[in-house]
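Number 384 marks the last residue of the sequence shown (this note's numbering); no jumps.
Here a beta-carbon is modelled for each residue, glycine too, at the ideal position from N, C-alpha and C.
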Amino acid sequence: SRVRRAATGLLATRNGDLVVSWNAGGITRYRGARLDRPGFDLGTRDGLCEGRFGPMLEGRDGTLWLGSHEHGLAVVQGGRGRCLRAGDGLGSERITAIAERADGSVLVGSLDAAGITIVENGKPRVLLSPGGPGRAFAFSEDARGRLWVTSDRGVFVGDAGVLEGRASARWRQIDDEDG
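If you want it as structure tokens, here you go:
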């Protein structure tokens, strides 16, 4: 009899593979989205963070970004993982959102209102912007370079300076009156 595991995340990759994250931790990558053809399993022994993964992203360069519910951000390249944690510069280890920007950097949201983390060239740094969104759940960058964020405090839009960490950067909260 087959052992069934609870799945916590799902990602279809550009090459047609399917990545499944499991409640007990780790991921399985299925070749060609065929569940009878697992490509590989990865877990903590392979450098992944502990725990379950929720948000997942495949970067344009093929890197897999896996947000743990409690233990950081796993980055998988070439079948090997590494785990980024608060000590590495993440704002929080409780990841809620991951998005890739046009320049290839990655935005990371969390349950802790420590700001939004941006990962550039493999190095995370927190964007602390007064009046910003707090706990970020989703991101979108528009053609004008503005960052749109859904959060526990509503919808926010930040000017291009937000992503550059400029002191003059401004956030605006969008409400019902904005249409």
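*In angstroms, rounded to a whole number, what distance separates the CA positions of residue 279 and residue 212?*
Mapped onto the sequence shown, residue 279 falls at position 74. Mapped onto the sequence shown, residue 212 falls at position 7. If you take the alpha carbons of residue 279 and residue 212, they lie about 17 Å apart.
*Using the C-alpha atoms, what's the distance from residue 378 back to residue 336?*
Position 131 of the sequence shown, counting from 1, holds the residue named residue 336. Position 173 of the sequence shown, counting from 1, holds the residue named residue 378. Computed Cα separation, rounded: 9 Å.
*Secondary structure of residue 246, DSSP reduced to three states*: Taking the first residue of the sequence shown as position 1, residue 246 is located at position 41. Strand, per DSSP.
*Confirm, please, whether the CB-CB distance from residue 311 to residue 376 is below 8 Å.*
Along the sequence shown, one-based indexing puts residue 376 at 171. Along the sequence shown, one-based indexing puts residue 311 at 106. No, the pair does not count as a contact, with Cβ atoms beyond the cut-off.
*asked:* According to DSSP, residue 361 sits in a beta bridge with which residue or residues?
replied: Stepping through the sequence shown from its first residue, residue 361 is reached at position 156. According to DSSP, residue pairing for residue 361 in a beta bridge involves 354 and 378.
*Can you have a look at residue 299 and say buried or exposed, based on whether 16 or more other CB atoms are within 10 angstroms of its CB?*
By 1-based counting over the sequence shown, the position of residue 299 is 94. Looking at its Cβ environment, which holds 16 or more other Cβ atoms inside 10 Å, residue 299 is buried.
*With a threshold of 16 other CB atoms inside 10 Å of the CB of residue 372, please say whether the residue is buried or exposed.*
Mapped onto the sequence shown, residue 372 falls at position 167. Residue 372 should be labelled exposed.
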